[in-house]
Amino acid sequence: MQNGQDHMEESERYCRKCELAKQYGSGLEEYLLRYLAQLTPEEQAEDVTYARRLACCGKCTWYGEHMCRACGCYVQLRAAVKGQNCPYEKWEQEGETHDTRSGNIL
8 MQNGQDHMEE SERYCRKCEL AKQYGSGLEE YLLRYLAQLT PEEQAEDVTY ARRLACCGKC
68 TWYGEHMCRA CGCYVQLRAA VKGQNCPYEK WEQEGETHDT RSGNIL
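Now the structure itself:
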């Protein structure tokens, strides 16, 4: 297309956080907490694993406002689910083993 119209305009870029904020408004935090509360024990990462993952993400330069700016996931959601991994292997660098069975992005 001409005039660069084949690329999305900056204002049209997809943002997962923005889309959820539009849908849930000020209830976004509540939505995230409800999601976490609905995980079964079989789906939940152990508390120590969850804490280690959050600490790792909190130190990462890609982390910002509850999200990974590299892959677009909500860090709290990905970290809470057993079998998840950091797509950039940062959790593995912190000593977590890689689980290749899961590729879900939250």
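So in the numbering used here the end of the sequence shown lands on 113, straight run, no missing numbers.
Don't be surprised by glycine CBs; every beta carbon is placed ideally from N, CA and C.
The model shown is predicted, which means the values in this text are computed figures rather than measured ones.
Rounded to the nearest angstrom, the gap between the Cα atoms of Gly79 and Thr47 is 24 Å. Contact between the segment 54-66 and the segment 30-40 is absent: fewer than 3 CB-CB pairs across the two stretches fall below 8 Å.
Taking C-alpha positions only, Ala77 is separated from Ala86 by approximately 15 Å. Bounds of the alpha helix (DSSP H) holding Gly65 are 54-66. Under a 10 Å Cβ-count criterion, Cys75 is classified as buried, with 16 or more other Cβ atoms of the shown protein chains found around its own Cβ.
Rounded to the nearest whole angstrom, the CA to CA distance from Tyr57 to Gln51 is 9 Å. The beta carbon of Tyr42 sits closer than 7 Å to the beta carbons of Leu84 from its chain, once the five residues preceding and following it are set aside; these are given in chain order. Per DSSP, the continuous alpha helix (DSSP H) segment holding Ala86 begins and ends at 82-87. Where Glu37 is concerned, the enclosing alpha helix (DSSP H) starts and stops at 35-44. Of all alpha-carbon atoms in Asp54, Glu37, Glu96, the one lying nearest the alpha-carbon of Val88 is that of Asp54.
Considering only Gln45, Leu35, Lys97, Glu49, the residue with the shortest C-alpha distance to Thr68 is Lys97.
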